[in-house]
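From first to last, the protein sequence lines stand for chains A and B.
Throughout the first sequence, residue numbering follows our numbering, covering 31 to 381 in sequence.
Throughout the second sequence, residue numbering follows our numbering, covering 31 to 381 in sequence.
We treat Cβ as the ideally placed atom computed from N, Cα and C, and that holds for glycine.
Below: one structure, written as structure tokens.
There are 2 protein chains.
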Amino acid sequence: MKTKYQRNLLAAALVGVVVFTTTIGRAQDPSTSLGTGPLPSWNDGPAKQAIKKFVQTTTDTGSKDFVPPEERIATFDQDGTLWVEHPMYSQVMYCFHRVGALVKEKPELKDVEPFKTVISGDREAIGKLTMPDLEKILAATLSGMSTEQFQAEVKQWFAEAKDPRWHKPYNELTYQPMQEVLKYLRANGYKTYICTGGGQDFVRVYAEQTYGIPPEQIVGTMGGTTYGYDKDGKPFLTKDPKLLLNDNNGGKPEGIHLMIGRRPHAAFGNSPGDQQMLEYTKAGDGARLAMLLLHDDAKREYAYGPAQGLADTKVGTFPQALYDKAKKEGWTVISMKNDWKKIFAFENSSN
Amino acid sequence: MKTKYQRNLLAAALVGVVVFTTTIGRAQDPSTSLGTGPLPSWNDGPAKQAIKKFVQTTTDTGSKDFVPPEERIATFDQDGTLWVEHPMYSQVMYCFHRVGALVKEKPELKDVEPFKTVISGDREAIGKLTMPDLEKILAATLSGMSTEQFQAEVKQWFAEAKDPRWHKPYNELTYQPMQEVLKYLRANGYKTYICTGGGQDFVRVYAEQTYGIPPEQIVGTMGGTTYGYDKDGKPFLTKDPKLLLNDNNGGKPEGIHLMIGRRPHAAFGNSPGDQQMLEYTKAGDGARLAMLLLHDDAKREYAYGPAQGLADTKVGTFPQALYDKAKKEGWTVISMKNDWKKIFAFENSSN
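This is how it looks when you write it as structure tokens:
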């Protein structure tokens, strides 16, 4: 049991260290030449103001909305919120890649659908795969191996894979402004969690390196594992095709309750799969922050909705109804085009 | 992304603060007059030495078994490891208590088994309830309500309930030597988790107050929840009777993987339901600590096995086979009688 005094001491020490190390980082990182203070890659608009106001009001001990450090929880969708999701989620790219390895191990699969279509490389045919086809591909590439083997396979793919537009490793395609939000919240005592529709074990492989978020703070779509022993009696866990929780829509607050057991004070998303997480966050007492990222920047990233007349898409849809709900509920919509000075750390900051 | 240097700084600051606050605690807490240094309620035997050696070797940067701070994970079974489990698990006592409230809400249940037997108070008949009977009672008392309502009900029960032997609230029946292990590990950068066969949501209600362990660090038997809205459109989660994971036996490493995603470096238990957690812990590289508590002190607590000729029991069984396995595998068996100077904080330390 810690007393409130001890907790405050601990929080003060943490903030001190983070501010110190952030300062070190600032001297070395040219991206921060964009401005002084937190969130340098953000233009000074309503989105940046909403984040700063939320942090100030919830960390000021004199505020009626003060949040004790142990309750400072912020949850982030990943695909399309923390990094690029177009033209296709990176996990789906991984699964398609793994089909090649799978067919090498089991050559009889090369004439069996949907594996046959995937290895044909015929983009039009691949685009027509049905949901049951995709489920077969996910089950075959994400389960049946030990958790260690899976981690090694994903790690290797990430070290080699490049996205088709920028030809960069996927973890360089994180949004610099969102990295700044993660750091700003952590510097103010918030624990940052990913809450993704992607596979929990998949995201855990690279999240610490990419976002500074450890495995125990990844909430995602969860599959079961089964405990067993190898021929030498050494125990290991096998990844099962059994789905424990689909971390989308209502599954996001359900996953948050399961993994964290506390209601977030801030939540960030970009599509209808995040709506319930934002509702659940805002339904708590006091100051709560709910934000949705709108991809409206075809030049620097992508533009898709169909909200606000943007192009329609199957990947990371942002419908007009969600936009209208955000406006009605007081959620902040971030315009990538207007709110962000720069999008990627690798950009020249004068872009 | 934190550099190793930044992480070391953070760890050093944390250890500093914890040592400082521990020192403050020491001046105020008469229980620590038992000795100086860590683990004052432990006699100086092989168990105390094993814990101290493990901590020293895994936190010394010059040691080949040094564990980076972010990987320092220790998991503890609860019932019979951190607090008293006899004559019956406190959660079962809670469920029996809730049957009374349930019958008030739904009077038709008073003539339906197994509820009829529970409200009869007939101990002999209650003792003969079958596993399917118990499952009906658990489902009826642990699901069907909102997560908030459940938390409020459990909280109220804990504030009022007393155990039948010492007539103390249950959270005073934690073992002082184990509280010292939790604090000693945390002071050395370990994140302490509970990994219990008890209900995850149940234990979360009191774990922060009782053990200093926050809700996000409770791994337990997990039920599903369902997201929905009340008549005013306010979202809430309903506790489902659906079992997601039985956190016993192989379910313990499975639950650890699900909730933490890292293998523990230390694990503590007291019965066969903990065996796989200890195996999984010890199967990792480097120095690992695996400990089992043997209840061999009928005078100060309880004595049960049937290992080592102690009385047999249905609650928290410690069979001879587990004892033999521990000796063979190099796990440490803690003798409550010989290793602990005192058992409860409320005891006179001269006992």
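What distance in whole Å lies between the Cβ atoms of residue j and residue i, which are believed to be in contact at a cut-off of 8 Å?
| i | j | result |
| --- | --- | --- |
| Leu-267 (chain A) | His-295 (chain B) | Not quite, the Cβ-Cβ distance comes to about 17 Å (not below 8 Å), so this is no contact. |
| Gly-227 (chain B) | Gly-303 (chain B) | 5 Å |
| Arg-128 (chain A) | Thr-171 (chain A) | 4 Å |
| Gln-230 (chain B) | Gly-250 (chain B) | 3 Å |
| Val-345 (chain B) | Met-118 (chain B) | 6 Å |
| Ile-167 (chain A) | Val-148 (chain A) | 7 Å |
| Ser-365 (chain B) | Gln-206 (chain B) | That belief does not hold up - the Cβ atoms of Ser-365 (chain B) and Gln-206 (chain B) are roughly 16 Å apart, past 8 Å. |
| Met-289 (chain A) | Met-123 (chain B) | So it is not a contact: roughly 28 Å between Cβ atoms. |
| Gly-335 (chain A) | Phe-348 (chain A) | 5 Å |
| Glu-210 (chain A) | Leu-69 (chain A) | 5 Å |
With residue i as the anchor, note down where its beta strand (DSSP E) starts and where it stops.
| i | result |
| --- | --- |
| Tyr-257 (chain B) | 248-259 |
| Lys-272 (chain A) | 265-275 |
| Val-363 (chain B) | 362-365 |
| Tyr-223 (chain B) | 221-229 |
Report whether the distance from the Cβ of residue i to the nearest heavy atom of the ligand ADP is below 7 Å.
| i | result |
| --- | --- |
| Gln-230 (chain B) | This structure lacks the ligand ADP, and indeed carries no ligand of any kind. |
So, are the CB atoms of residue i and residue j less than 8 Å apart?
| i | j | result |
| --- | --- | --- |
| Tyr-241 (chain A) | Ile-224 (chain A) | yes |
| Pro-265 (chain B) | Tyr-257 (chain B) | yes |
| Phe-188 (chain B) | Tyr-236 (chain B) | yes |
| Arg-292 (chain A) | Thr-311 (chain A) | no |
| Asp-277 (chain B) | Met-252 (chain B) | yes |
| Ala-333 (chain B) | Asp-326 (chain B) | yes |
| Thr-222 (chain B) | Phe-126 (chain B) | no |
| Gln-121 (chain A) | Phe-232 (chain A) | yes |
| Leu-274 (chain A) | Gly-281 (chain A) | no |
If you follow the alpha helix (DSSP H) that residue i is in, where does it begin and where does it stop?
| i | result |
| --- | --- |
| Val-142 (chain B) | Per DSSP, Val-142 (chain B) belongs to no alpha helix (DSSP H) and is neither H nor E. |
| Ile-243 (chain B) | No alpha helix (DSSP H) contains Ile-243 (chain B), which DSSP labels as neither H nor E. |
| Lys-358 (chain A) | 350-359 |
| Met-321 (chain A) | Careful: Met-321 (chain A) lies outside any alpha helix (DSSP H), inside the beta strand (DSSP E) at 319-324. |
| Ile-156 (chain B) | 153-157 |
| Ala-296 (chain A) | Premise fails: Ala-296 (chain A) lies in the beta strand (DSSP E), 296-299, not in any alpha helix (DSSP H). |
| Tyr-124 (chain A) | 120-135 |
| Thr-89 (chain A) | 76-89 |
| Ala-182 (chain A) | 177-190 |
| Ile-286 (chain B) | 281-289 |
| Thr-171 (chain A) | 161-172 |
| Ala-217 (chain B) | 206-217 |
| Thr-105 (chain A) | Unbroken run through Thr-105 (chain A) is the beta strand (DSSP E), 103-106; no alpha helix (DSSP H). |
| Lys-312 (chain A) | 305-312 |
Expressed to the nearest angstrom, what Euclidean distance is found between the alpha-carbon atoms of residue i and residue j?
| i | j | result |
| --- | --- | --- |
| Gly-285 (chain A) | Glu-135 (chain A) | 34 Å |
| Ile-19 (chain B) | Leu-215 (chain A) | With chain B covering only 31 through 381, there is no way to say anything about residue 19 (chain B). |
| Gly-174 (chain A) | Gly-92 (chain B) | 39 Å |
| Phe-145 (chain B) | Val-114 (chain B) | 26 Å |
| Lys-372 (chain A) | Met-208 (chain A) | 11 Å |
| Lys-78 (chain A) | Asp-369 (chain A) | 8 Å |
| Ser-301 (chain A) | Leu-322 (chain A) | 8 Å |
| Pro-283 (chain B) | Gln-305 (chain B) | 10 Å |
| Asp-59 (chain A) | Thr-66 (chain A) | Confidence at Asp-59 (chain A) is low in this model, with a pLDDT of 40, below 50, so the placement of that residue should be treated as unreliable; the coordinate-derived value is given next. Roughly 13 Å between the two C-alpha positions. |
| Tyr-220 (chain B) | Ala-104 (chain B) | 7 Å |
| Asn-218 (chain A) | Leu-203 (chain A) | 25 Å |
| Gln-73 (chain A) | Lys-367 (chain A) | Looking at the sequence provided, one finds Asn at residue 73 (chain A) rather than Gln. Taking the straight line joining both Cα atoms gives about 10 Å. |
| Pro-76 (chain B) | Tyr-353 (chain B) | 16 Å |
| Gly-110 (chain A) | Leu-308 (chain A) | 16 Å |
| Asp-262 (chain A) | Lys-358 (chain B) | 16 Å |
| Thr-62 (chain A) | Glu-165 (chain A) | Any reading at Thr-62 (chain A) must be qualified, since the residue scores a pLDDT of 41, below 50, and its modelled position is unreliable; the value itself is stated next. Each residue's Cα considered, the two are about 43 Å apart. |
| Thr-53 (chain B) | Phe-376 (chain B) | The predicted position of Thr-53 (chain B) is uncertain, since its pLDDT is 31 and thus under 50; a value taken from the coordinates is nonetheless stated next. If you take the alpha carbons of Thr-53 (chain B) and Phe-376 (chain B), they lie about 21 Å apart. |
| Ile-248 (chain A) | Arg-234 (chain A) | 6 Å |
| Arg-330 (chain A) | Gln-179 (chain A) | 37 Å |
| Phe-96 (chain B) | Arg-102 (chain B) | 10 Å |
| Lys-355 (chain B) | Leu-324 (chain B) | 14 Å |
| His-116 (chain A) | Pro-162 (chain A) | 22 Å |
| Leu-132 (chain B) | Lys-198 (chain B) | 25 Å |
| Glu-138 (chain B) | Glu-238 (chain B) | 38 Å |
| Tyr-259 (chain A) | Gln-181 (chain B) | 38 Å |
| Asp-152 (chain A) | Thr-177 (chain A) | 31 Å |
| Phe-374 (chain B) | Glu-100 (chain A) | 27 Å |
| Pro-98 (chain A) | Asp-90 (chain A) | 10 Å |
(message) With three or more beta-carbon pairs closer than 8 Å as the criterion, would you say the region 85-92 of chain A touches the region 185-201 of chain A?
(response) no
(request) Say whether the region 333-340 of chain B touches the region 302-318 of chain B, bearing in mind that this needs 3 or more beta-carbon pairs closer than 8 Å, one atom from each stretch. (result) no
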